[in-house]
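K.L.:
Counting in this note's numbering, the sequence shown runs from 139 upward without gaps.
Quick one: the structure is below, questions incoming.
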Amino acid sequence: MESKKMLPLGMLRAVLAILQWWSFNVTVIIMNKWIFQNLDFKFPLTVSCIHFICSSVGAYTAIKVLKIKPLIEVKSEDRWRRIFPMSFVFCINIVLGNVSLRYIPVSFMQTIKSFTPATTVILQWLAWRKVFEWRIWASLVPIVGGILLTSMTELSFDMLGFCAALFGCLATSTKTILAESLLHGYKFDSINTVYYMAPYATMILALPAILLEGAGVVNWLHTHQSICSSMIIIFSSGVLAFCLNFSIFYVIHSTTAVTFNVAGNLKVAVAVLVSWLIFRNPISSMNAVGCAVTLLGCTFYGYVRHRLSQQSAIPGTPRTPRTPRTPRSRMEMLPLVNDKEDKV
139 MESKKMLPLG
149 MLRAVLAILQ
159 WWSFNVTVII
169 MNKWIFQNLD
179 FKFPLTVSCI
189 HFICSSVGAY
199 TAIKVLKIKP
209 LIEVKSEDRW
219 RRIFPMSFVF
229 CINIVLGNVS
239 LRYIPVSFMQ
249 TIKSFTPATT
259 VILQWLAWRK
269 VFEWRIWASL
279 VPIVGGILLT
289 SMTELSFDML
299 GFCAALFGCL
309 ATSTKTILAE
319 SLLHGYKFDS
329 INTVYYMAPY
339 ATMILALPAI
349 LLEGAGVVNW
359 LHTHQSICSS
369 MIIIFSSGVL
379 AFCLNFSIFY
389 VIHSTTAVTF
399 NVAGNLKVAV
409 AVLVSWLIFR
419 NPISSMNAVG
429 CAVTLLGCTF
439 YGYVRHRLSQ
449 QSAIPGTPRT
459 PRTPRTPRSR
469 MEMLPLVNDK
479 EDKV
């Protein structure tokens, strides 16, 4: 009787976790696009740096002040040998995502980011010589096909934005692969991840942001109207970016790997729809078909990975060679932070 009562409670918790994750994620994406397009604050390095600063303060407050999560102690030598390289790739990933948002619509950017599973598999195959079953390769076909169709039919195509989003996928995949080896032995959750990586990312990004965008930001401050309201929006996006990473912790602990994968792809669809309702960027019918094919391909890829992980857990079944130091728990397929939208 108790299990029957707990089941709806668990389902309700999972649904609420997914909804608040969607809300933060979509809001951060829309706000970033609004900042670049409507506030004319065309400085993606500065926006990323503000997000890292807000995330650093938020993670410190959550762990040290509110003690929501216990601090995972990391040896001092490991902070530079392990955390710093991860932070560097982490920083590149976020910056490329914001650069792409400046030049291309949210719908196109989100679809390209769905290419991440393919780049992850390819990099693991090339870098680690990891062997994948044919079903994994077959599941990538609709993802690649959908991306090609979307790119060829995108009415607001911009080469710089496209390249930034595509290289952002490579950065995300690299981060995921590095996490398997560099963070071996440390069971990081999303809050501890931000706690350690955001300060390093701020340090890495601060100087380039000042040198490349400092003069433009100063000029914007002198010429832009409604400075106070605009700055509130910009810093609010940083606070919400931290909340997004915080929300990922609850989603991971409230859902299964399959639910996380499906919810992630539905979240992309929600972001595309909301962005279109707000910005009204033109979308052709074939472009919409390409986006749908990509998302269905990502869902199929997650399903195949889940089935293969279940088979490998059965004694006597052949196991696919793993990447060195790959985690072996049920969270194996979940990224360190959300693979598609780790918008810090």
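Every residue, glycine too, gets a C-beta built ideally from N, C-alpha and C.
Keep in mind it's a predicted model, so treat the numbers as computed, not measured.
Here's the rule: buried if 16 or more other CB atoms are within 10 angstroms of the residue's CB, otherwise exposed. What is ALA317?
P.N.:
Flag for ALA317 reads buried.
K.L.:
What ranges does the alpha helix (DSSP H) occupy inside the segment 152 to 226, keeping only unbroken runs of at least 4 residues that lie completely in it?
P.N.:
182 to 198, all fully within the segment 152 to 226.
K.L.:
Shortest alpha-carbon distance to THR437 belongs to which of PRO255, ASN425, ILE156 and VAL355?
P.N.:
For the residues PRO255, ASN425, ILE156 and VAL355, the minimum Cα distance to THR437 belongs to PRO255.
K.L.:
Can you grab the Cα-Cα spacing for the pair LEU150 / ALA407, in whole Å?
P.N.:
Distance between the alpha carbons of LEU150 and ALA407: 22 Å.
K.L.:
Please classify TRP275: does DSSP put it in a helix, a strand, or coil?
P.N.:
In the structure shown, TRP275 sits in a helix (DSSP, three-state: H, G or I).
K.L.:
Provide the residue span of the alpha helix (DSSP H) that contains PHE438, from first to last.
P.N.:
PHE438 -> alpha helix (DSSP H) spans 423 to 450.
K.L.:
Which of the three DSSP states, helix, strand or coil, is assigned to HIS360?
P.N.:
Of the three classes helix, strand and coil, the one that applies to HIS360 here is helix, per DSSP.
K.L.:
Once DSSP output is grouped into helix, strand and coil, what is the label at PHE300?
P.N.:
Helix at PHE300.
K.L.:
Hey, is the segment 431 to 447 in contact with the segment 192 to 204, meaning 3+ C-beta pairs nearer than 8 Å?
P.N.:
No: the two stretches stay apart, fewer than three of their Cβ pairs being nearer than 8 Å.
K.L.:
Over what stretch of residues does the alpha helix (DSSP H) that includes TRP266 continue unbroken?
P.N.:
Element bounds for TRP266: n/a, residue is neither H nor E.
K.L.:
Excluding five sequence neighbours on each side, which residues of the same chain lie with their C-beta closer than 7 Å to the C-beta of VAL355?
P.N.:
If we look at VAL355 and ignore the five residues flanking it on each side, its Cβ neighbours are PHE181 and THR184.
K.L.:
Is DSSP giving ILE372 helix, strand or coil here?
P.N.:
Helix at ILE372.
K.L.:
Would you give the residue range spanned by the alpha helix (DSSP H) that SER245 belongs to?
P.N.:
Taken as a continuous stretch (DSSP letters only), the alpha helix (DSSP H) holding SER245 covers 244 to 251.
K.L.:
Are MET224 and MET335 close, meaning C-beta to C-beta below 8 Å?
P.N.:
Yes. Within cutoff.
K.L.:
Would the beta-carbon of CYS192 fall within 8 Å of that of LEU343?
P.N.:
No, these two residues do not count as a Cβ contact at 8 Å.
K.L.:
What is the DSSP secondary structure of GLY148, reduced to helix, strand or coil?
P.N.:
Three-state DSSP puts GLY148 in a helix.
K.L.:
List the whole-angstrom C-beta distance separating LYS171 from VAL244, where the pair is believed to meet the contact cut-off of C-beta under 8 Å.
P.N.:
LYS171 to VAL244, Cβ: 5 Å. Contact.
K.L.:
For LEU234, I'd like the list of residues in its chain whose CB is within less than 8 Å of its CB, leaving aside the five on either flank, ordered along the chain.
P.N.:
Here the set comprises ALA302, ALA303, PHE305, GLY306 and ALA309.
K.L.:
Buried or exposed, going by whether 16 or more other CB atoms sit within 10 Å of the CB of THR288?
P.N.:
THR288 is buried by the Cβ-count criterion.
K.L.:
For a quick check, are the C-beta atoms of TRP160 and LYS405 less than 8 Å apart?
P.N.:
Against a cut-off of 8 Å, the Cβ pair of LYS405 and TRP160 comes out as a contact.
K.L.:
Taking the alpha carbon of GLN448 as the point to measure from, which residue in THR394, LEU415 and ASN425 has its own alpha carbon closest?
P.N.:
Looking at the Cα atoms, THR394 is the closest of the given residues.
K.L.:
Is it the case that the segment 363 to 382 contacts the segment 264 to 276, given that we only count it when at least three CB pairs across the two stretches are under 8 Å?
P.N.:
No, the segment 264 to 276 does not touch the segment 363 to 382.
K.L.:
Using only CA atoms, which one of LYS268, GLU215, ILE242 and THR257 lies nearest to PHE174?
P.N.:
It is ILE242.
K.L.:
If we count the other Cβ atoms within 10 Å of its Cβ and call it buried at 16 or more, is CYS366 buried or exposed?
P.N.:
Label assigned to CYS366: exposed.
K.L.:
Measuring straight from C-alpha to C-alpha, what distance separates HIS360 and GLY376?
P.N.:
If you take the alpha carbons of HIS360 and GLY376, they lie about 22 Å apart.
K.L.:
Taking the alpha carbon of VAL96 as the reference point, which residue from ILE206, LYS205, LEU204 and PHE222 has its own alpha carbon closest?
P.N.:
Nothing in the structure corresponds to residue 96, since the chain is present only between 139 and 482.
K.L.:
Using the three-state DSSP reduction, which class does ARG240 fall into: helix, strand or coil?
P.N.:
Residue state, collapsed to three classes: helix.
K.L.:
Once the 5 residues before and after PHE253 are set aside, which same chain residues still bring their CB inside 6 Å of it?
P.N.:
Hits under 6 Å: ILE285 and CYS307.
K.L.:
Spatial neighbours of PHE186 within its chain, please: C-beta separation below 7 Å, excluding the five flanking residues on both sides.
P.N.:
Just to set this straight, residue 186 is Ser in the shown sequence, not Phe. Excluding residues within five positions, the ones whose Cβ falls inside 7 Å are ILE232, VAL233, ASN236 and LEU343.
K.L.:
Measuring only the C-alpha atoms, how far is THR165 from ALA155?
P.N.:
THR165 and ALA155: Cα-Cα distance of roughly 15 Å.
K.L.:
Is it buried or exposed, ASP178, if we count other Cβ atoms within 10 angstroms and call 16 or more buried?
P.N.:
Result: exposed.
K.L.:
Under the three-state reduction of DSSP, which class applies to SER294: helix, strand or coil?
P.N.:
SER294: coil per DSSP, three-state reduction.
K.L.:
Whole angstroms are fine: how far does the CA of SER277 sit from the CA of THR461?
P.N.:
Bear in mind that the predicted position of THR461 carries a pLDDT of just 45, short of 50, making it too unreliable to give a figure here.
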